[in-house]
Amino acid sequence: MLRVAVALVLIGIAACERAPESTREQRLALAEAARAAIEAELAEPDLPSWAGEYHADSGLTSERLFLAPRSGFAYFCRCCTGEDTLSGRVRVDGDVLRLDLTVPEEYGCERTRLDELVFATKGPQRALLRGENDIAKACNVSTGGQLPSRCFVRVVDEELDSSGPLVVPPSFRKYQLQTPIVGRVTRAERVEYVDHAGRPRRRARVRIDVGDDTRALAGMTFYVALTETESGRSWELFTMESAGSGSELELFAYLPETKPLPRVGARASTSPD
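By the count of our numbering, the sequence shown reaches residue 315 at its end, each step adding exactly one.
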C-alpha cells in the first residue's frame, strides 16, 4: 500500500478554452504524441508512485491526465464548451512536481492560469487533489476524509475500496482535524457578487464565532444549521474562502432564495455530528 504523498503544481492549465480549429489540432497532436510516450514509459518497472493515468469526472467535465518522469504529462479535457489538450515536461522540486507547459505560444494556449494538484492516497487508491481547497475538503472532519468528486483518481484504482486514512504531504496535514471546530452564527445575510462572466449573482454569507479555536483555514467547509428540532438539524454547507481574523470567521454558500438563512445563534461545525 502506498504511503507516499507528493504535491504537484500544473503551470498554465486552462481547460476547455475555445481556440481555432487548427490550434486545437496542433495541440492535440502534441498531446497524443506525449501520451504515447508516457504509456510506453509506464510499462517500465520502478516508477515513482505518482506516475500513471488519472481520470476525473464531475458530470459536466471529463478529464484525463497522464504522468511519467521522463516523458512528461499529457492532459485531455472534454466539457460542455468543447475540448482541450495540453502537454509538457515534469520537473521534480523536492516533494513538488512542476509540470511545465511546452505547447508553443503560437498554438494559442493560455499561460496565465495556475492549477495546483497534490498527490494523496486513501487506502489503495492514488489520487490528485486540486489545490488547497480540495485538500481542505478531503481532510476536513465534515467530509469524513472522502475524496472530492473533482479529484483525479488513478484509473487502475477507480474500483478499489477507498476506506482507510487519507495520506497527504506533511505540509498539508494542518487540515486534518482530530476534533471538529464548532462555533455559533453571529450574522447571516445575502450579498451580491459578480461571477466570472460578469453577471450579477447572490449568495449567502454568515459570520460565526469560534472563540479561541485558531485551527480554521481557508478552504475548510462548515455545516451550518438552518433548522434545529428535537429530531435533528437541517444543514447547509458553507465554505471559508479566506483566512479569518480573531474569533470570527466569514463563510459563504450558494443558498437558494427559497431556503431560509441560518438564524443568529445557530450551530456551525466542521462535522455534521
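A virtual CB, placed ideally from N, CA and C, is assigned to each residue, including glycine.
Practice problem: Kindly list the residues whose CB is nearer than 8 Å to the CB of P302, restricted to its own chain and excluding five residues on each side of it in sequence; keep chain order. | Solution: Position 260 of the sequence shown, counted from the start, is the residue given in the question as residue 302. Same-chain partners within the cutoff: L268, T269.
Practice problem: Pick out whichever of L70, R168, L141 has its Cα sitting closest to the Cα of A199. | Solution: As a first step, residue 199 is located in the sequence shown; it is residue number 157 there, counting from the start. For the record, residue 199 in the displayed sequence is Asp; it is not Ala. Closest by alpha carbon: R168.
Quiz item: What whole-angstrom Cβ distance do V227 and P298 have, given they're in contact under 8 Å?
Solution: The residue given as residue 227 occupies position 185 in the sequence shown. The residue given as residue 298 occupies position 256 in the sequence shown. With a Cβ gap of about 18 Å, V227 and P298 do not count as contacting.
Quiz prompt | Contact the stretch 111-124 vs the stretch 69-76: 3+ CB pairs below 8 Å | solution = Contact between the stretch 111-124 and the stretch 69-76 is present, because at least three Cβ pairs lie under 8 Å.
Quiz item: Hey, out of S205, D251, M262, S100, whose CA is closest to K216's CA?
Solution: To locate residue 216, count along the sequence shown from 1; it is residue 174. Minimum Cα distance to K216 is reached at M262.
Quiz item: Just how far apart, CA to CA, sit P242 and A295?
Solution: Stepping through the sequence shown from its first residue, residue 242 is reached at position 200. Stepping through the sequence shown from its first residue, residue 295 is reached at position 253. Using only the alpha carbons, I get a separation of about 16 Å.
Practice problem: Kindly indicate which residue of T300, R106, S284, V266 has the alpha-carbon position closest to the one of S313. | Solution: Residue mapping note: residue 313 aligns to position 271 of the sequence shown, counting from 1. Of the candidates T300, R106, S284, V266, the one whose C-alpha sits nearest the C-alpha of S313 is V266.
Quiz item: Given that a residue counts as buried once 16 or more other Cβ atoms are within 10 Å of its Cβ, and exposed if not, what is T221?
Solution: To locate residue 221, count along the sequence shown from 1; it is residue 179. Burial state of T221 is exposed, judged by a 10 Å Cβ sphere holding fewer than 16 other Cβ atoms.
Quiz item: Measuring CA to CA, which of S100, D99, L84 is closest to A93?
Solution: Counted from its first residue, the sequence shown places residue 93 at position 51. Between A93 and the set S100, D99, L84, the nearest pair of CA atoms involves L84.
Exercise. Could you have a look at D237 and say whether DSSP puts it in helix, strand or coil?
Key: To locate residue 237, count along the sequence shown from 1; it is residue 195. Coil, per DSSP.
Quiz item: Using a Cβ-Cβ cut-off of 7 Å (strictly less than) and excluding sequence neighbours within five positions of C132, which residues of its own chain qualify?
Solution: Along the sequence shown, one-based indexing puts residue 132 at 90. Reading off the sequence, residue 132 comes out as Val, not Cys. Excluding sequence positions up to five before and after V132, its CB lies within less than 7 Å of the CB of L109, P111, G114, F115, L139, L141, all in the same chain and listed in chain order.
Quiz item: D99 to E201, Cα distance in whole Å?
Solution: The count along the sequence shown starts at 1 and reaches residue 99 at position 57. The count along the sequence shown starts at 1 and reaches residue 201 at position 159. Between D99 and E201, the alpha-carbon positions lie close to 14 Å from each other.
Practice problem: Between the Cα of A230 and those of V145, D203, F214, I250, spot the shortest distance and give me the residue it belongs to. | Solution: Numbered from its first residue, the sequence shown carries residue 230 at position 188. Considering only V145, D203, F214, I250, the residue with the shortest C-alpha distance to A230 is I250.
Quiz item: So which of E234, Q68, G253, S213 has the shortest CA-CA distance to S289?
Solution: One-based indexing of the sequence shown puts residue 289 at position 247. The option with the nearest alpha carbon to S289 is G253.
Quiz prompt | Distance CB(F27)-CB(L107) smaller than 8 Å | solution = Residue numbering for the chain in the displayed model covers 43 to 315; residue 27 lies beyond these limits and cannot be assessed.
Practice problem: Enumerate, from N- to C-terminal direction, the unbroken alpha helix (DSSP H) stretches of 4 or more residues contained entirely within the stretch 83-155. | Solution: Whole alpha helix (DSSP H) segments, 4+ residues: zero.
Practice problem: Please report the residue range of the beta strand (DSSP E) in which L292 lies. | Solution: Residue mapping note: residue 292 aligns to position 250 of the sequence shown, counting from 1. Before going on, a small fix: residue 292 reads as Glu here, not Leu. Secondary structure note for E292: its beta strand (DSSP E) is the uninterrupted segment 290-295.
Practice problem: Would you tell me roughly how many angstroms separate the C-alpha atoms of G280 and V210, rounded to the nearest one? | Solution: Position 238 of the sequence shown, counting from 1, holds the residue named residue 280. Position 168 of the sequence shown, counting from 1, holds the residue named residue 210. Per the sequence shown, the amino acid found at residue 280 is Phe instead of Gly. For F280 and V210, the distance between alpha carbons rounds to 23 Å.
Quiz item: In the structure shown, what three-state DSSP assignment does L72 receive?
Solution: The residue labelled residue 72 in the question sits at position 30 within the sequence shown. L72 falls in the helix class under three-state DSSP.
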